[in-house]
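Going by UniProt numbering, the first residue of the sequence shown is number 1, and it counts up by one from there.
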Amino acid sequence: MPIYTAPTRDTRFVVNELLELGSYGNLPGFEMVSEDVTEAVINEGGKFCAEVLAPLNRVGDEHGCVRNEDGSVTTPPGFKEAFDQFREAGWGTIAAPEEFGGQGMPHVLGFVMEEYIASANQAFGMYPGLTNGAISALIAKGSQEQKEKYLPKMISNEWTGTMNLTEPHCGTDLGMIRTKAVPNGDGSYAITGTKIFISAGEHDMADNIIHLVLAKTPGAPDSTKGISLFVVPKFIVNDDGTPGERNGVSCGSIEEKMGIHGNSTCVLNYDGATGWMVGEENKGLAAMFIMMNAARLGVGIQGLSQAEAAYQNAVAYALDRRQGRALSGPAEPEAQADPIFVHPDVRRMLMDAKAFTEGMRALCLWGALLVDLTHKAQTEEEREQADLLIGLMTPVIKGYGTDKGYEVATNMQQVFGGHGYIEEWGMSQFVRDARIAQIYEGTNGVQAMDLCGRKLAQKGGAAVQAFFKVVGEEIAAAKEVEATKDMAEQLEKALGQQQAATMWFMNNAMQNPNHLGAGAHHYMHIMGIVTLGLMWLKMAKIAAAKVDSAGDDKAFYEQKLATARYYMDRYLPDAGALRRKLEAGADSMMALGEEAFQTAA
Ligand SMILES: Cc1cc2nc3c(=O)[nH]c(=O)nc-3n(C[C@H](O)[C@H](O)[C@H](O)COP(=O)(O)OP(=O)(O)OC[C@H]3O[C@@H](n4cnc5c(N)ncnc54)[C@H](O)[C@@H]3O)c2cc1C
């Protein structure tokens, strides 16, 4: 069975030493985060995920979810009991507002837990994960009555939530949705239509499921300007807050899919179901983006999580499996062969994974801190700065993080050779589960367009300029330190590639928008590379300052420095190649017409 240990030492490094969470004690919610509280979340959360959720990962993959004849859905054996334990321990409430029963702690700690949950069992994590997305939308756009009715039970995970956007004929282009919402005359609406691919759409783990549904009211514009958001509970909530009459929403079927079998991906049929509008009519898209931005960061964490879980197993295997001899001469002459760990190609894959997971963990938790600062920083200027940066970072965390997470997961499968392809070892599940994160919550192509088409130009380029400033300042500071000087210079070159690519877009994309579309994926990856470079430079600086006096921790900081060096040597150069691809523009990409793609017999 695959192994999983929560990487608590590394989390502690990021939370305490890189982000210095304790230094924000003057901000609301941060004041309660003593070292003990942080330790409890990291240690106990990690333990819960490793001991309760990880052993169910394989079970979920093998059993999947079953739709019964009456339309109910049974989750894999053990999921319901684990969710009961999860709920009782309050693991879903960490960063939720106290006003509605949450613990009001920083998102940083919520994200720590999200990583552990998703590494241990991504399919399981999606039940509370989607609930969090729905909670965010209700907090931002719900009426006070809606908040009071739904949020406490959703935050406590007595009820779960879903996000209903996709329909058979539209996923990316939501302007085309056909689900109708007709006023009932009493303030409620009759919702009719079919939603597909709805994660956690129906299951047996909670007393009620609160669906957030995009639909169009009669006469609304037939575009994104005509979308409204509705809350549609599976059981209509009684005045005393208990689940009452069954609503007109049912699970038509469960999708057969490549991975995350433990999560019920449902076709949901709305047949005149009673719903209530959330926010303003025709402003559903804005509400949806709130839901999706929260969810996109969660999906970015899934990229990290599958890479981390696969990496841990690949390391164990590489140390155990013996094949061939080290190029520099036998490492263990008395044995018939050396562990495959000695081979540089195996080491390349493991180092790539280590550099990604540790860098990505730092990035995700920095992202979480930015989310907190957006609401809680002391000055308006700091709040705006955080908002600009997290807006820019969200498609990078989601898009680059999951592209790279998938690549790492397949490389970790490769470490197992043929055994990685055989289900027995569990490596195939990591690859299959990681794959979806590149697709849902807006495909990574859509993330790239969000980054390049919207975020770069926003407020006259203020966000990307703020980012350049943050990286530039870090480089300048690291150049002053002997141990990090050359790393800073390497990052400076990569930053120069990103700046040049940005300039190329500015000079060329207006006259031909296809240039933007053709280069967006490359740009997102350049930015991912530079951003992880920023994280590694910061981590290297801390490690360099501490390594000589670290006592028992010396090896930890030495490893950080060596991994930072690897990152600078092996990741950053890709920024130059990607820039050259981007600057090739759209012409050769778009040159051929339809007929050229048809295979001639
Ligand atoms: C397991 C699973 C779980 C899911 N969970 C949910 C859920 O809980 N709720 C929900 O509402 N949906 C959910 N989805 C749906 C998911 O978000 C969509 O599948 C995804 O957003 C893509 O939409 P689509 O499948 O219709 O692809 P399409 O929109 O048809 O896209 C097809 C291809 O065209 C590209 N493309 C489309 N438009 C553009 C454009 N303008 N620019 C560049 N490229 C473009 C895409 O990147 C993609 O490569 C889930 C899907 C799966 C498979």
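Positions of the beta carbon are idealized from the N, C-alpha and C atoms, including for glycine. This one's a predicted model, so the numbers in the text were calculated from it and none came from an experiment.
{"Query": "For a quick check, are the C-beta atoms of Thr160 and Ile209 less than 8 Å apart?", "Result": "yes"}
{"Query": "Determine the DSSP secondary structure at Pro243, reduced to helix, strand or coil.", "Result": "strand"}
{"Query": "Less than 8 Å separating the beta-carbons of Gly46 and Tyr127?", "Result": "no"}
{"Query": "Under the criterion of a Cβ to heavy atom distance below 7 Å, does Thr194 qualify as lining ligand 1?", "Result": "no"}
{"Query": "Based on Cα-Cα distance, which residue from Gly60, Gly201, Gly279, Glu35 lies nearest to Ala137?", "Result": "Gly279"}
{"Query": "In terms of residue numbering, what span does the beta strand (DSSP E) encompassing Trp276 cover?", "Result": "265 to 278"}
{"Query": "Would you call the segment 497 to 517 and the segment 328 to 344 touching, i.e. three or more CB-CB distances under 8 Å?", "Result": "no"}
{"Query": "Could you check which residue in Pro168, Glu145, Lys546 has the C-alpha nearest to that of Gly187?", "Result": "Glu145"}
{"Query": "With 16 as the cutoff for other CB atoms within 10 Å, does Gln490 come out buried or exposed?", "Result": "buried"}
{"Query": "Looking at the secondary structure, which residues open and close the beta strand (DSSP E) in which Trp159 lies?", "Result": "159 to 164"}
{"Query": "List the endpoints of the continuous beta strand (DSSP E) containing residue 633.", "Result": "Lying outside 1 to 601, the shown extent of the chain, residue 633 is not represented and no answer is given."}
{"Query": "Within this structure, are the beta carbons of Ala123 and Ile260 separated by less than 8 Å?", "Result": "yes"}
{"Query": "Secondary structure at Arg454, three-state DSSP: helix, strand or coil?", "Result": "helix"}
{"Query": "On the DSSP letters alone, give me the boundaries of the beta strand (DSSP E) that His521 sits inside.", "Result": "No beta strand (DSSP E) holds His521; the alpha helix (DSSP H) holding it covers 513 to 546."}
{"Query": "Counting beta carbon pairs with one atom in the segment 63 to 70 and one in the segment 37 to 53, are three or more of them shorter than 8 Å?", "Result": "no"}
{"Query": "Specify whether the segment 25 to 40 and the segment 223 to 230 touch according to this definition: at least 3 beta carbon pairs, one from each stretch, less than 8 Å apart.", "Result": "no"}
{"Query": "Can you say whether Ala564 is buried or exposed, counting buried as having 16 or more other CB atoms within 10 angstroms of its CB?", "Result": "buried"}
{"Query": "Between the Cα of Ser264 and the Cα atoms of Asp61, Val431, Thr410, which residue gives the shortest distance?", "Result": "Asp61"}
{"Query": "Identify every residue that forms a DSSP beta bridge with Val73.", "Result": "Arg67"}
{"Query": "Taking Cβ positions only, does Gln447 come closer than 8 Å to chain C?", "Result": "In the structure shown, chain C cannot be found, because there is only a single protein chain."}
{"Query": "In this structure, how does DSSP classify Leu211 when only helix, strand and coil are distinguished?", "Result": "According to the sequence as given, residue 211 is His; it is not Leu. Of the three classes helix, strand and coil, the one that applies to His211 here is strand, per DSSP."}
{"Query": "Do you know offhand how far Arg580's Cα is from Lys541's?", "Result": "30 Å"}
{"Query": "Look up Phe48 in the DSSP assignment and say whether it is helix, strand or coil.", "Result": "helix"}
{"Query": "Which residue comes first and which comes last in the beta strand (DSSP E) that contains Ser253?", "Result": "249 to 254"}
{"Query": "On the DSSP bridge assignment, give the partners of Gly193 in chain order.", "Result": "Tyr270"}
{"Query": "If the criterion is Cβ atoms closer than 8 Å, does the pair Pro395 and Leu451 meet it?", "Result": "yes"}
{"Query": "With hydrogens ignored, establish whether the beta-carbon of Asn208 is closer than 7 Å to any heavy atom of ligand 1.", "Result": "no"}
{"Query": "Suppose contacts are defined by Cβ-Cβ distances below 8 Å. Is Ile526 in contact with Gln498 by that definition?", "Result": "yes"}
{"Query": "In angstroms, rounded to a whole number, what distance separates the CA positions of Gly201 and Asn164?", "Result": "9 Å"}
{"Query": "Leaving out five residues on either side along the sequence, give the residues of the same chain with a beta carbon under 7 Å from the beta carbon of Glu492.", "Result": "Ile475"}
{"Query": "I need the DSSP call for Ala555, collapsed to helix, strand or coil.", "Result": "helix"}
{"Query": "Pick out whichever of Gly300, Ile155, Glu255 has its Cα sitting closest to the Cα of Lys398.", "Result": "Gly300"}
{"Query": "Taking 8 Å as the cut-off, decide whether the C-beta atoms of Leu561 and Gly533 are in contact.", "Result": "no"}
{"Query": "Cα separation between Ile42 and His211?", "Result": "31 Å"}
{"Query": "Exposed or buried, Ala307, counting other C-beta atoms within 10 Å across all chains shown (16 or more means buried)?", "Result": "buried"}
{"Query": "Find the nearest neighbour of Cys251 within the set Tyr270, Pro243, Gln323, judged by alpha-carbon distance.", "Result": "Tyr270"}
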